[in-house]
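Number of protein chains: 2
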Amino acid sequence: MVLRVTSDVNRTKRPTMVDVARRAGVSLKTVSRVVNNAPHVQQELVDRVLAAVAELGFRRNHLASSLRSGRATATIGLLIEEIANPFYAAIAGVAAEIARANDTMLIIASSEESPDRERQLLRELCSRRVDGLLVVPAGHDHSFLRPEVELGVPAVFVDRPAGGLLVDTVLLDNRGGARAGVRRLLDEGHRRIGILLDSIGVYTMRERLDGAQDALAEAGVAYDEGLVRDGIRDPAAAARAVAEMLDQPDPPTAFFGLNNRITLGAVEELQRRGSDAALVGFDDFESAHLMPRPLTVVASDTRALGRIAAELLFARIGGDRSLPRTIVLPTELVRRGLPRPRA
Amino acid sequence: MVLRVTSDVNRTKRPTMVDVARRAGVSLKTVSRVVNNAPHVQQELVDRVLAAVAELGFRRNHLASSLRSGRATATIGLLIEEIANPFYAAIAGVAAEIARANDTMLIIASSEESPDRERQLLRELCSRRVDGLLVVPAGHDHSFLRPEVELGVPAVFVDRPAGGLLVDTVLLDNRGGARAGVRRLLDEGHRRIGILLDSIGVYTMRERLDGAQDALAEAGVAYDEGLVRDGIRDPAAAARAVAEMLDQPDPPTAFFGLNNRITLGAVEELQRRGSDAALVGFDDFESAHLMPRPLTVVASDTRALGRIAAELLFARIGGDRSLPRTIVLPTELVRRGLPRPRA
DNA sequence: AAGAGGCGAAACAACGTTGTCAAGGGTAGC
DNA sequence: GCTACCCTTGACAACGTTGTTTCGCCTCTT
Chain A
3 MVLRVTSDVN RTKRPTMVDV ARRAGVSLKT VSRVVNNAPH VQQELVDRVL
53 AAVAELGFRR NHLASSLRSG RATATIGLLI EEIANPFYAA IAGVAAEIAR
103 ANDTMLIIAS SEESPDRERQ LLRELCSRRV DGLLVVPAGH DHSFLRPEVE
153 LGVPAVFVDR PAGGLLVDTV LLDNRGGARA GVRRLLDEGH RRIGILLDSI
203 GVYTMRERLD GAQDALAEAG VAYDEGLVRD GIRDPAAAAR AVAEMLDQPD
253 PPTAFFGLNN RITLGAVEEL QRRGSDAALV GFDDFESAHL MPRPLTVVAS
303 DTRALGRIAA ELLFARIGGD RSLPRTIVLP TELVRRGLPR PRA
Chain B
3 MVLRVTSDVN RTKRPTMVDV ARRAGVSLKT VSRVVNNAPH VQQELVDRVL
53 AAVAELGFRR NHLASSLRSG RATATIGLLI EEIANPFYAA IAGVAAEIAR
103 ANDTMLIIAS SEESPDRERQ LLRELCSRRV DGLLVVPAGH DHSFLRPEVE
153 LGVPAVFVDR PAGGLLVDTV LLDNRGGARA GVRRLLDEGH RRIGILLDSI
203 GVYTMRERLD GAQDALAEAG VAYDEGLVRD GIRDPAAAAR AVAEMLDQPD
253 PPTAFFGLNN RITLGAVEEL QRRGSDAALV GFDDFESAHL MPRPLTVVAS
303 DTRALGRIAA ELLFARIGGD RSLPRTIVLP TELVRRGLPR PRA
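First to last, the protein sequences are chains A and B. The opening residue of the first sequence carries number 3 in my numbering; numbering runs sequentially from there. The opening residue of the second sequence carries number 3 in my numbering; numbering runs sequentially from there.
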């Protein structure tokens, strides 16, 4: 027998089942059985193998394992806009919990609102043979995913619908929520309502704007495009927009912020000025109840959104072959913020 | 030639390079070359192969690829406590950005403060042959990672040090920051300062408590254990603790919240009562400047924490073999919140 | 015109694991 | 005592890809 000097020197290569087998004096297949807790292995051999595994620091190569077995990779992909945004962080949080409950790892990718990047990332996820995809879409055409979906990779779209692809979808009642929010302002007597939105190109924003228009139409108030500001990406931009609108002749007496970051910026500016303009915002946020002024928010259960989507995905992974569903979650109008100090 | 009926029927199996090769009438290896943009392939064959790839919807199997080539998997693992917490979300956000800049995917796993789960998840990540690990540790013993680290899997610990393992570490100046925060309260004349912390078992909490004690000692103020509340996990618990302490005889005139969630709960309770007790909090948060009362926070650059750690990790992945480093980032005392309304 | 050299393409092996099958040995049933 | 069956173990092939080697052919050189 050739003396092998590599036992301690060859630290650069990871030990494989072959190494473990040699060390334990058993066959490769027996190692495989022990590592996978397969039955019908003598206790003594099990012990020898486990000892060798521990001594060598062997760790099964998950890549080789799932390549050979053709079984699932126990990985799902989550595509969102941006992790640091609390809305997506909440979705990612539940997705992680549910993935964990299903012994599955979670790959998170950020599209940063770019359809190109979205396509590239989804392709990359597929190439890693994820068992399923959770997607908050940035683009409007997802037909490029059709081959994958037909090949059996389940996908669930979250918060916004897919374009050109019939898949499970979980949405919020954006239109109804916005309608209720604006109606509240109208009920309070406001007739000039400033509307602040991120980007009209985004599905949720269009829906919310439609809902706002619904409420205006129902109340017989003319829709004034001069009161709508598009392209507001962050709180600072929202604050500037509010400032500009208030400085105009015949300024708005109320504002409707179409997402949480916009609302935050609007609160800031109104507070800075001591303005008593009313404010309703879409999306709840953790510290909304501590806002220094009364604030009505169109709240939705973000965790439920993520949970339902993830559960649906794992049902599909588990073999559910029923027709794709679209689920719409309700929103709720909630009064938040601190009571206004007496004048 | 045998007529193959499988072309459209066999939708259940994914096309492989062999299928593409057959379709394009070239060898397997030529397909591999085309897919990998290798040189020395006739343009005509390239076109035929690409056409076959498109027709079949072929996507390279990344598992097989990195198994065979032995190259990196272009994946890193990030272990944190909980994604939904803004602190970790910020870290995950930068980690994702930097991973993306390095054409790498990011697997995020949540330990939920459980050392057992932490060990299990890290092992699982290693078994997937990630190229590197970013770890916000939950446990205190990480010697189980030694075999992996010695085998060349780089690991960078973030926010808390590793136990029993010499690896790169990026920390905040917890002790110095807490010392500065408490000193501010002492300078303002406070002598009874309530201290609220999550868990003394957590490194950062111990450090911050030590820093608070430093400041007290320097000012010659006796450390009163009765003013310290441990085990405060969420804002509601913080609010309850503040309420209890204020209802005691000889209540604190100031509070020090040792993390953002605790501070949030304390703000809430102080505001509810209209108490004028002072408050300093460790950790900044997005809406801190909108808090309804003056609030001094020990702010640190969370994104920098994540960025430096991720950059260090990719330097290691890129081949940096220098000795492990420990980097401590400074904190800053910042006045936030709204000016107190005139009495 | 013949040899050298290089390029294009294919055949083959291998990555680390698991599914399949076969074989040896022991035991139970008749 | 012999067959049949099960338990245990191992040899071998295969998953889908890429590194290596080989081979043929074309071009360039002298």
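Just so you know, even glycine gets a beta-carbon here, dropped at the ideal spot from N, CA and C.
Check your understanding: DSSP on valine 184 of chain A, reduced to helix/strand/coil?
Key -> helix
Review point. Nearest chain B C-beta to histidine 64 of chain A closer than 8 Å, yes or no?
Key: yes
**Study point:** alanine 221 of chain B versus leucine 188 of chain B: straight-line alpha-carbon distance, rounded
**Key:** Cα to Cα, the separation comes out at about 7 Å.
Check your understanding: Helix, strand or coil: which one does DSSP assign to threonine 8 of chain A?
Key -> Confidence at threonine 8 of chain A is low in this model, with a pLDDT of 34, below 50, so the placement of that residue is unreliable and no value is reported for it.
Check your understanding: Are aspartate 175 of chain A and isoleucine 319 of chain A closer than 8 Å when you measure CB to CB?
Key -> no
Review point. Do you know how far the Cα of leucine 340 of chain A is from the Cα of phenylalanine 60 of chain B?
Key: 58 Å
Point to revise | Cutoff 6 Å; reference threonine 265 of chain A; Cβ partners in own chain excluding five residues on either side | key: Same-chain partners within the cutoff: Gly259 and Gly283.
Review point. Pick from B:Asn87, B:Ala74, B:Gly213 and B:Asp105: whose alpha carbon is nearest that of glycine 154 of chain B?
Key: B:Ala74
Point to revise | arginine 193 of chain B - DSSP class collapsed to helix/strand/coil | key: coil
Review point. Taking buried to mean at least 16 other C-beta atoms within 10 Å of its own C-beta, is histidine 42 of chain B buried or exposed?
Key: exposed
Point to revise | Ranges of the alpha helix (DSSP H) found wholly within the segment 256-324 of chain A, counting only runs of at least 4 | key: 262-275 and 304-319
Practice item. Tell me, please, which residues DSSP counts as bridged to arginine 235 of chain A. Key: Its beta-bridge partners do not exist; DSSP assigns none.
Review point. What span of residues does the beta strand (DSSP E) with isoleucine 329 of chain A cover, start to end?
Key: Run containing isoleucine 329 of chain A: 328-331, per the beta strand (DSSP E) assignment.
Exercise for review: Taking the CB atoms as reference points, tell me whether valine 33 of chain B and alanine 40 of chain B lie closer together than 8 Å.
Suggested key: no
Point to revise | Three-way DSSP call (helix, strand, coil) for leucine 2 of chain A in this model | key: Residue 2 of chain A lies beyond the range of chain A shown here (3 to 345); nothing can be said about it.
Practice item. Just the chain B side, please: which residues come within less than 8 Å of methionine 107 of chain A by C-beta, in chain order? Key: In chain order: Ile109, Ala111, Glu126, Leu127 and Arg130.
Check your understanding: In whole angstroms, what is the alpha-carbon distance linking valine 300 of chain A and alanine 243 of chain A?
Key -> 21 Å
Point to revise | Whole-angstrom distance between arginine 337 of chain A and arginine 177 of chain B, CA atom to CA atom | key: Between the alpha carbons of arginine 177 of chain B and arginine 337 of chain A lies a gap of roughly 40 Å.
Point to revise | Closest Cα partner of isoleucine 234 of chain A within the set A:Thr206, A:Pro253, A:Arg263 and A:Pro254 | key: A:Arg263
Check your understanding: Using the beta-carbon of each residue, which ones in chain B are nearer than 9 Å to glycine 59 of chain A?
Key -> Arg148, Pro149, Glu150, Glu152 and Leu153
**Study point:** proline 294 of chain B: contacting residues in chain A (beta-carbon distance under 7 Å)
**Key:** Leu292, Pro294 and Leu340
Point to revise | Beta-carbon separation (whole angstroms), valine 160 of chain B vs leucine 307 of chain B, contact threshold 8 Å | key: 6 Å
Review point. How is valine 138 of chain A classed by DSSP in three states: helix, strand or coil?
Key: Looking at valine 138 of chain A - three-state DSSP - the assignment turns out to be coil, as it is neither helix nor strand.
Practice item. Flag this pair as yes or no: are the beta carbons of isoleucine 78 of chain A and alanine 101 of chain A separated by less than 8 Å? Key: yes
Check your understanding: Looking at the C-beta of leucine 266 of chain B, does it have a partner C-beta in chain A at a distance below 8 Å?
Key -> For leucine 266 of chain B, the answer is yes, since a Cβ of chain A falls inside 8 Å of its Cβ.
Check your understanding: Of all the options A:Leu331, A:Leu167, A:Leu124 and A:Phe316, which has the alpha carbon lying nearest to the alpha carbon of arginine 305 of chain A?
Key -> Each of A:Leu331, A:Leu167, A:Leu124 and A:Phe316 was checked against the Cα of arginine 305 of chain A, and the nearest Cα belongs to A:Leu331.
Check your understanding: Looking at C-alpha atoms only, which residue of B:Ala86, B:His64, B:Gly228 and B:Ala217 is the closest neighbour of proline 253 of chain B?
Key -> B:Gly228
**Study point:** Partner residues on chain A for glycine 141 of chain B, Cβ-Cβ distance less than 9 Å
**Key:** Correct list: empty, because the minimum Cβ distance to chain A is about 17 Å.
Review point. What's the gap between the Cα of serine 112 of chain A and the Cα of leucine 81 of chain A?
Key: 6 Å
**Study point:** Beta-carbon spacing of arginine 162 of chain A, alanine 217 of chain A below 8 Å
**Key:** no
Practice item. Compare the beta carbon distance of alanine 2 of chain B and glycine 267 of chain B with 8 Å and say whether it is the shorter of the two. Key: No statement about residue 2 of chain B is possible, as the shown extent of chain B runs from 3 to 345 and does not include it.
Review point. With C-beta atoms as the reference, is alanine 311 of chain A less than 8 Å away from isoleucine 85 of chain B?
Key: no
Exercise for review: Kindly indicate the opening and closing residues of the alpha helix (DSSP H) around alanine 94 of chain A.
Suggested key: 88-103
**Study point:** alanine 40 of chain A - DSSP class collapsed to helix/strand/coil
**Key:** coil
Practice item. Rounded to whole angstroms, what's the CA-CA distance from alanine 219 of chain B to leucine 272 of chain B? Just pull it up for me. Key: 27 Å
Exercise for review: At 7 Å on the CB atoms, spell out the chain A contacts of arginine 16 of chain B, in chain order.
Suggested key: Result: Leu153.
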